[in-house]
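Chemist: The structure under discussion is supplied below as structure tokens; questions concerning it will follow.
Protein chains: 4
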Amino acid sequence: MAMTKNRLEAFSDGVIAIIITIMVLELKTPEGETIEAVLPMAHVFLSYVLSFVFLGIYWNNHHHMLHAVQKVNGSILWANLHLLFWLSLIPWVTSWMGENHFASQPVAIYGAVLLMAAISYYILAHALVNHHGVESSLGRALGSDFKGKISVVLYALAIPLSFALRWAALGIYIGVAIMWLVPDRRIEKILSPD
Amino acid sequence: MAMTKNRLEAFSDGVIAIIITIMVLELKTPEGETIEAVLPMAHVFLSYVLSFVFLGIYWNNHHHMLHAVQKVNGSILWANLHLLFWLSLIPWVTSWMGENHFASQPVAIYGAVLLMAAISYYILAHALVNHHGVESSLGRALGSDFKGKISVVLYALAIPLSFALRWAALGIYIGVAIMWLVPDRRIEKILSPD
Amino acid sequence: MAMTKNRLEAFSDGVIAIIITIMVLELKTPEGETIEAVLPMAHVFLSYVLSFVFLGIYWNNHHHMLHAVQKVNGSILWANLHLLFWLSLIPWVTSWMGENHFASQPVAIYGAVLLMAAISYYILAHALVNHHGVESSLGRALGSDFKGKISVVLYALAIPLSFALRWAALGIYIGVAIMWLVPDRRIEKILSPD
Amino acid sequence: MAMTKNRLEAFSDGVIAIIITIMVLELKTPEGETIEAVLPMAHVFLSYVLSFVFLGIYWNNHHHMLHAVQKVNGSILWANLHLLFWLSLIPWVTSWMGENHFASQPVAIYGAVLLMAAISYYILAHALVNHHGVESSLGRALGSDFKGKISVVLYALAIPLSFALRWAALGIYIGVAIMWLVPDRRIEKILSPD
Chain A
1 MAMTKNRLEA FSDGVIAIII TIMVLELKTP EGETIEAVLP MAHVFLSYVL SFVFLGIYWN
61 NHHHMLHAVQ KVNGSILWAN LHLLFWLSLI PWVTSWMGEN HFASQPVAIY GAVLLMAAIS
121 YYILAHALVN HHGVESSLGR ALGSDFKGKI SVVLYALAIP LSFALRWAAL GIYIGVAIMW
181 LVPDRRIEKI LSPD
Chain B
1001 MAMTKNRLEA FSDGVIAIII TIMVLELKTP EGETIEAVLP MAHVFLSYVL SFVFLGIYWN
1061 NHHHMLHAVQ KVNGSILWAN LHLLFWLSLI PWVTSWMGEN HFASQPVAIY GAVLLMAAIS
1121 YYILAHALVN HHGVESSLGR ALGSDFKGKI SVVLYALAIP LSFALRWAAL GIYIGVAIMW
1181 LVPDRRIEKI LSPD
Chain C
2001 MAMTKNRLEA FSDGVIAIII TIMVLELKTP EGETIEAVLP MAHVFLSYVL SFVFLGIYWN
2061 NHHHMLHAVQ KVNGSILWAN LHLLFWLSLI PWVTSWMGEN HFASQPVAIY GAVLLMAAIS
2121 YYILAHALVN HHGVESSLGR ALGSDFKGKI SVVLYALAIP LSFALRWAAL GIYIGVAIMW
2181 LVPDRRIEKI LSPD
Chain D
3001 MAMTKNRLEA FSDGVIAIII TIMVLELKTP EGETIEAVLP MAHVFLSYVL SFVFLGIYWN
3061 NHHHMLHAVQ KVNGSILWAN LHLLFWLSLI PWVTSWMGEN HFASQPVAIY GAVLLMAAIS
3121 YYILAHALVN HHGVESSLGR ALGSDFKGKI SVVLYALAIP LSFALRWAAL GIYIGVAIMW
3181 LVPDRRIEKI LSPD
């Protein structure tokens, strides 16, 4: 049933590619021909860069996880669509957060979307492990999924924090991104010893 | 002629991925930095969630049906494009229905697009069965296509109903979605006994 | 070098899928909750349907032609990009023609984009035949390319005609579409005798 | 690990296809039904054509380079995402440059995005060569990467020049595009002697 897995990958790649690219549309053409017309967009631009990195991380991790998958079923297809749903909200909260210069409530909502994406990724990972068995190469590769669990905890902490210390909440989001950017050797080691 | 089938799948995946993602663009950036600026968008958001689920169902079913396909011809390519045409109208009616808080006429038009999508899916399924024969694994898997037929009947009922009882019409749409979310064991059982 | 051909197909499919879907964004959400708010969009909608059919024809023909291709080179990649360039202008002229209720000048420009697309398709077809040889299955399948040549002539006639008799020009566009919708047995017969 | 390379290609193709197509959305529907309504868009249109060619070149070169790749790792995935990030900014600077009739500051920023894209392509190429070895077919095919280096130098020269002689800066961008359009025989010769 390799076809099914391939089509799941292709569809996910397509959706993530569109999400990551569509965010550019939120970057409105500056009104005026000078650099000064661009400077007020700095917040929107930084917000865009952060979301680009998050979506890149999700694509990267999704890619590694699916690489180890041998079979999928209906529940997995829907767990995957559930993840894509939350990722598809990222351009919208990115734009809202950027245009409001990282005000506390948009920062909280941004964190809520990241939290839901992290939870839906966790659900997908566990649906895959259940389908393959914890003793499968996929099950061993995911292991205790420490990074996945700590991400959920950190987002859940950052959301209330954003009302008091919004820059601290943003710092947590950036910290989670950096944690994931450090290559996840677990899956890579076990599956690709070449 | 596996290539042809693969390209039909890839193109359909691409179009459905774009449709499902483009709906996000209908979610306008809230004006104002507080949650109150987001609350008036609740109708648009619910409308978006409903359409996301419908498009997910179509992708899922399309994927299962194509999995069983061995060959395609010109009529099938056009039956498929016909389905994609109606699906491509979903973001437009989704936005119209949401922005008008599920008023009766947009709800009716939304149902009309769902009806046409269901009919075009039916046409595609039957073009595929004709090409493979009713005794093929595809023909047996689709069987009497009860869900497909009942969906068409329910949409046809919901459209006039939306002028009198628009919430009942919406309830029917949601009911049809739930009916399809219950995994379609027919095709899965016959084709993927692994 | 099958990889190269596959990637050319995948890229072309992606671009055509995006073009065909992005046209929906030109369908603005009606202002008002009644059917009357939708009726003024009839011209835009018809314009959209016509372009959907044209893009579907291009995808279909491109698909059949590429199916017979065995190798590609740099010139072919650029001939293909040249075709995609003209196709990518279709949403723009579609919207302009629809919003101006098929006024003569937008109808002429619409025809000019169709003409350039037809010419670039012709160039691509001949670059492919040159690379494979006229005695190749691709060369024999394309044959005299009557439909391709007559399309160019008809578009070239329709453009000046649109200033005098714009509905006749539109009629020619529709006629060309119908001519192509009649399945092209040439390639299908020679290559897929299954 | 062919799967990984294929998915990298598919994702990159998807993103570049979306970027190249989304630029059409920047072409606003002319207000008015005459050709005169279109003429003021000439700058935007030329800007669009230039960017279409640049994105086509990137797709073409990316395609050739990846063709020679046998394996990828985490650094390569991120080097590729880094390239896609800069490419995704092209529609935004294209629109800004066109709407301001090639004013000096937008021309400079446009060059800056091209410069960053060229640098990120250089980083990707070298990450790939490092992973395969300079004696690999990929390493030999890229060779001294003269075109890549000279492009970076030319963009770096054009950016300050655009403040004094903006047409000269634009001329340099066009010159670089032409240099790349001349087919790169290096990789094609070594890898595809068919």
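Order-wise, the sequence lines are chains A, B, C and D.
The opening residue of the first sequence carries number 1 in our numbering; numbering runs sequentially from there.
The opening residue of the second sequence carries number 1001 in our numbering; numbering runs sequentially from there.
The opening residue of the third sequence carries number 2001 in our numbering; numbering runs sequentially from there.
The opening residue of the fourth sequence carries number 3001 in our numbering; numbering runs sequentially from there.
Using N, Cα and C, we set each Cβ at its ideal position, and we do this for glycine too.
1) So D/Gly3133 is in the alpha helix (DSSP H); what residue range does that whole segment cover?
2) Check distances from the C-beta atoms of the stretch 2003–2021 of chain C to those of chain D and list, in chain order, the residues that come in under 7 Å.
3) Quick one: list the residues of chain B neighbouring A/Phe85, beta-carbon separation under 7 Å, in chain order.
4) Determine contact between the stretch 2080–2088 of chain C and the stretch 2145–2161 of chain C, defined as no fewer than three beta-carbon pairs at a distance below 8 Å.
5) If we count the other Cβ atoms within 10 Å of its Cβ and call it buried at 16 or more, is B/Pro1193 buried or exposed?
6) Do you know whose CA, among B/Leu1138, B/Phe1052, B/Asp1145, B/Arg1140, lies nearest B/Leu1114's CA?
7) Is there a Cβ from chain B that is less than 9 Å from the Cβ of C/Thr2034?
8) Going by CA-CA distance only, name the one from C/Phe2045, C/Ile2123, C/Gly2111, C/Asn2073 that's closest to C/Ile2090.
9) Is A/Pro193 close to chain B, meaning its C-beta is less than 9 Å from at least one C-beta of that chain?
10) Pick helix, strand or coil for A/Ala68, following the three-state DSSP scheme.
11) Rounded to the nearest angstrom, what separates C/Thr2094 and A/Lys71 at their Cα positions?
12) Going by the CB atoms, is the gap between B/Asp1013 and A/Arg140 shorter than 9 Å?
13) May I ask you to report which of helix, strand or coil DSSP gives C/Val2182?
14) Go through its chain and collect everything with a Cβ distance to A/Ile20's Cβ below 7 Å, but skip five positions before and after it.
15) Less than 9 Å between CB atoms is the rule here; does D/His3063 satisfy it with respect to chain C?
16) What did DSSP end up calling A/Lys147 once you bin it into helix, strand or coil?
17) Please determine, among D/Gly3032, D/His3101, D/Ala3125, D/Leu3157, the residue with the shortest C-alpha to C-alpha distance to A/Gly195.
18) Alpha carbon to alpha carbon, what distance is there between B/Ile1022 and A/Ala158?
19) Buried or exposed, going by whether 16 or more other CB atoms sit within 10 Å of the CB of C/Ile2076?
20) Report back the beta-carbon spacing between A/Pro30 and A/Val24 to the nearest angstrom; my notes put them in contact at under 8 Å.
21) Between which residues of its own chain and B/Lys1028 is the CB-CB distance below 6 Å, once the five residues before and five after are set aside?
22) What did DSSP end up calling A/Pro30 once you bin it into helix, strand or coil?
23) Just to confirm before moving on: does the CB-CB distance between A/Ala205 and A/Ala169 stay below 9 Å?
24) Figure out for me which residue from A/Met65, A/Val44, A/Thr34, A/Ser47 has the closest Cα to the Cα of A/Ala127.
25) Smallest Cα separation from A/Leu181: which of A/Met41, A/Val44, A/Trp59?
26) Applying a beta-carbon distance threshold of less than 8 Å, which residues of chain D neighbour C/Trp2167?
27) List, in chain order, every chain A residue whose beta-carbon is nearer than 8 Å to that of D/Trp3092.
28) Within the stretch 1054–1125 of chain B, note down every full alpha helix (DSSP H) run reaching 4 residues or more, in order along the chain.
29) Can you grab the Cα-Cα spacing for the pair A/Ser47 / A/Val176, in whole Å?
30) When you compare the CB positions of C/Ala2117 and B/Val1015, do they come within less than 9 Å of one another, or not?
31) Given that D/Asn3060 touches chain C, what residues does it touch there, using C-beta distances under 7 Å?
32) Measuring alpha carbon to alpha carbon, tell me which of B/Tyr1173, B/Ser1137, B/Glu1026 ends up nearest B/Val1069.
33) Of the residues B/Gly1074, B/Trp1078, B/Asn1130, B/His1063, which one's Cα is nearest the Cα of A/Gly74?
34) On a Cα-Cα basis, can you pick out the residue from C/Glu2036, C/Pro2040, C/Glu2099, C/Gln2105 that is closest to D/Thr3034?
35) Should D/His3043 and D/Glu3009 be called a contact, given that it needs their Cβ atoms to be closer than 9 Å?
36) Around the Cβ of D/Leu3161, are there at least 16 other Cβ atoms within 10 angstroms (buried) or fewer (exposed)?
Modeler: Taking the coordinates as given:
1) Counting along the chain, D/Gly3133 falls outside any alpha helix (DSSP H), and DSSP gives it neither H nor E.
2) Met2003, Thr2004, Arg2007, Ala2010, Phe2011, Gly2014, Val2015, Ile2018, Ile2019
3) Phe1052
4) no
5) Reliability of the predicted coordinates at B/Pro1193 is poor, the pLDDT of 47 falling under 50, and the value obtained from them is presented with this limitation in mind. Burial call: exposed.
6) B/Phe1052
7) yes
8) C/Gly2111
9) Confidence at A/Pro193 is low in this model, with a pLDDT of 47, below 50, so its placement is unreliable and no value can be given for it.
10) coil
11) 43 Å
12) no
13) coil
14) Phe52, Leu55
15) yes
16) helix
17) In the structure as shown, chain A starts at 1 and stops at 194, and residue 195 of chain A therefore has no counterpart that could be examined.
18) 29 Å
19) buried
20) Between A/Val24 and A/Pro30 the Cβ distance is about 14 Å, and since that is not below 8 Å, they are no contact.
21) none
22) coil
23) Any property of residue 205 of chain A remains undetermined from this structure, which presents chain A solely from 1 to 194.
24) A/Met65
25) A/Trp59
26) By Cβ distance, chain D contributes nothing, its closest Cβ being about 15 Å from C/Trp2167, past 8 Å.
27) Val24, Leu27, Thr29
28) 1074–1088, 1090–1099
29) 15 Å
30) no
31) Leu2077
32) B/Ser1137
33) B/His1063
34) C/Gln2105
35) no
36) buried
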